[in-house]
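Written out below as C-alpha cells is the structure these notes cover.
Residue numbers (the working numbering): 98 to 557.
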C-alpha cells in the first residue's frame with residue numbers, strides 16, 4: 098500500500114493512540130494534519146504528565162485526551178495504535194478487537210507503506226550499536242538512509258518522503274516485534290539471552306517475538322545470525338531466504354568470521370583488522386561482524402575500514418565522559434541486563450570500579466558473579482537489584498572480600514561519590530548497571546545523562 102493511500106483510508110475512520118510518547122507523537126501530528134479524528138490515551142494523569150506544552154498542542158489540534166486510571170475505557174475506535182511498551186493482549190485491546198477494532202502499531206504500518214529496502218536488527222545485546230554501524234556504513238557509501246525504530250526515531254510520519262532507492266535501517270525491540278506480520282529484506286539477530294522477563298510471559302514468548310524479524314520473509318530475504326549463540330543458531334532450519342552466519346568464537350566455513358586478528362568474509366576475503374576498530378571490546382568486533390554480514394554487497398571493504406577507524410560509538414554505550422586526576426569515567430547506562438554488563442567489563446584490559454544495580458527485571462545474575470570477580474577491583478551497588486548482584490559476586494568462585502570490596506546501600510549519586518573516593522590515578526570507573534532504570538529513572542538515557550552530569554560536577 099502506498100503511504101498516501103493509507104492516509105486517505107483513515108479520513109472517515111476513528112483512531113485511538115495508546116501512549117503519548119516518543120514513538121506515537123509524530124503519528125498523532127501526522128494524522129491530525131490530515132484531518133483524522135484522534136483520541137490520545139495515556140495512563141499518566143495530566144498533572145503527572147511531564148510535557149504539558151505537548152498536551153496543549155494536541156488539544157489545539159482537536160485531539161481528545163483520555164488520561165489517568167481509566168485511560169483505556171471505551172476503546173471502540175476503528176484503529177487502535179498501541180505503544181510498544183504495552184502488551185497487545187491486555188483485556189481492553191482484546192475486547193476492542195472483538196468489537197471490530199484493528200489493533201496495530203506505528204512500526205507495523207511503517208512496514209506496510211515503506212517504499213524502500215528495509216534492514217532491521219534485533220537481539221538482547223548490541224543491537225543499537227550494530228544498527229548504527231550499518232546505517233553509517235551505508236551513508237558513507239552514498240545511500241540515502243532513514244534510521245529509526247527502537248533507536249529513538251519513529252519513521253512512519255516520514256514514509257511519504259522516502260524514495261525507492263533509499264534504505265530504512267531499523268532497530269526493533271521484542272515489544273515492537275510481538276505483533277509484526279512482515280519482516281525486513283535483511284534481518285539481523287545479534288544474540289539472544291534472557292531479558293525483559295518482567296514484561297514477557299517467559300523466555301519462550303521473548304524468543305518467539307524476536308523470531309518475527311525473519312519468519313515472514315520469502316525466499317528473497319536475507320537473515321544474519323550469530324553462530325556462537327545457541328538460540329540464534331537453532332533458527333537456521335526456519336530461514337526461507339539466504340542465511341549468513343557470523344562467528345567470533347566458532348569456526349565456520351562461510352559467512353563472516355575471525356581469522357587471527359582479522360574479520361574475513363567467506364573464509365578468504367580479509368575485510369577489517371580488529372586493530373582498526375576504534376570501539377573498545379571484543380563484543381564490538383561481533384557488532385562489526387554482524388554489520389559487515391548485513392551490508393555485504395552494498396558497502397565496499399574500503400568504506401568499512403575507513404569508517405571503523407573513526408567511529409567512536411553510541412551515547413550511553415561505554416561512553417568516555419572525562420578523565421579526572423588520572424581516573425577515566427565511563428557511561429554504559431544501556432547495560433540493562435547481566436550479559437550486557439559482562440560484555441562491558443570484558444572491554445577493558447584492567448580491573449575496573451563498577452557501579453551497578455537498578456530496577457529488577459527478574460533476571461538471573463549468577464553468571465555475572467564470576468565476571469565481577471575476574472574484572473572488578475571494587476563493586477559499588479545501588480538500586481533494587483543491589484542485593485542480587487552482591488549475592489552473585491559473593492557466591493562466585495575466587496571471591497575474596499579483601500581484594501574485592503563491595504559497597505551497597507547507596508543512592509545513585511552516593512554510588513558515584515563512593516567510586517570517586519576510592520579511585521586512584523590509572524583507574525577506570527564505569528556505570529554498567531546490569532539492570533533496567535525504572536526504579537529511579539524514566540529510561541536508561543535519563544540515567545546515563547544524570548550520571549554524566551554528576552561526573553562532570555566532580556571536583557578534585
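Yeah, the Cβ is synthetic: ideal placement off N, Cα and C, and Gly gets one too.
Check                                                                                                       : Outcome
Inter-residue spacing [alpha-carbon to alpha-carbon] between residue 479 and residue 211                    : 43 Å
Per-residue DSSP class, three states only, for residue 350                                                  : coil
Any alpha helix (DSSP H) of 4 or more consecutive residues that is wholly inside the region 481-527         : 483-492 and 509-519
Selection from 324, 498 and 346 that minimises the alpha carbon distance to residue 358                     : 346
Same chain, Cβ closer than 6 Å to residue 283, neighbours up to 5 away in sequence not counted              : 216, 319 and 391
Supposed contact pair residue 262 and residue 252 - C-beta distance, whole angstroms, cut 8 Å               : Not confirmed; about 16 Å, so no contact.
Proximity to residue 379 [Cα-Cα], best of 530, 128, 344 and 316                                             : 344
Contact between the region 383-399 and the region 425-433 (3+ Cβ pairs under 8 Å)                           : no
Range of the contiguous alpha helix (DSSP H) that encloses residue 548                                      : 541-554
Between the CA atoms of residue 138 and residue 51 - distance to the nearest angstrom                       : Given a span of 98 to 557 for the chain in the structure shown, any question on residue 51 remains unanswerable.
Short Cβ contact (7 Å threshold) for residue 453 with residue 486                                           : yes
Alpha-carbon to alpha-carbon, residue 193 and residue 409                                                   : 47 Å
Closest Cα partner of residue 529 within the set 239, 494 and 436                                           : 436
Touching by the beta-carbon criterion (3+ pairs, under 8 Å), the region 173-183 and the region 152-161      : no
Bounding residues of the beta strand (DSSP E) (the contiguous stretch that carries residue 163)             : 161-164
Beta bridge counterpart(s) of residue 135 as assigned by DSSP                                               : 112
Exposure of residue 199, with buried meaning 16 or more beta-carbon neighbours within 10 Å                  : exposed
Top-ranked residue by Cα proximity to residue 277, from 131, 202, 371 and 415                               : 202
Option in 474, 510, 509 and 481 with minimal Cα separation from residue 498                                 : 474
Proximity winner among 411, 516, 171 and 531, relative to residue 461 (alpha-carbon distances)              : 531
Completely contained alpha helix (DSSP H) runs for the region 399-464, where each covers 4 or more residues : 435-442
Residue range of the unbroken alpha helix (DSSP H) whose run includes residue 228                           : 224-238
Exposed unless 16 or more other CB atoms sit within 10 angstroms - verdict on residue 191                   : exposed
Bridge partner(s) assigned by DSSP for residue 179                                                          : 115
Three-state class that DSSP yields for residue 309 in the structure shown                                   : helix
Residue 258 - DSSP class collapsed to helix/strand/coil                                                     : helix
Presumed contact (8 Å Cβ cut-off) between residue 230 and residue 388, rounded CB distance                  : 4 Å
Inter-residue CB distance, residue 245 and residue 267 (contact presumed, cutoff 8 Å)                       : 6 Å
Under 7 Å between C-beta atoms of residue 360 and residue 386                                               : yes
For residue 204 and residue 273, believed in contact at Cβ under 8 Å, the rounded distance                  : 5 Å
CB of residue 363 within 7 Å of CB of residue 372, strictly                                                 : no
Length of the line joining the Cα atoms of residue 279 and residue 224                                      : 19 Å
Straight-line Cα distance separating residue 258 from residue 126                                           : 16 Å
Selected residue, minimal CA-CA separation from residue 218, among 247, 415 and 209                         : 247
Sheet register partners of residue 570 (DSSP bridge)                                                        : Outside the displayed span of the chain (98 to 557) sits residue 570, for which this structure offers no information.
Reference residue 135; option with closest CA among 146, 122 and 142                                        : 122
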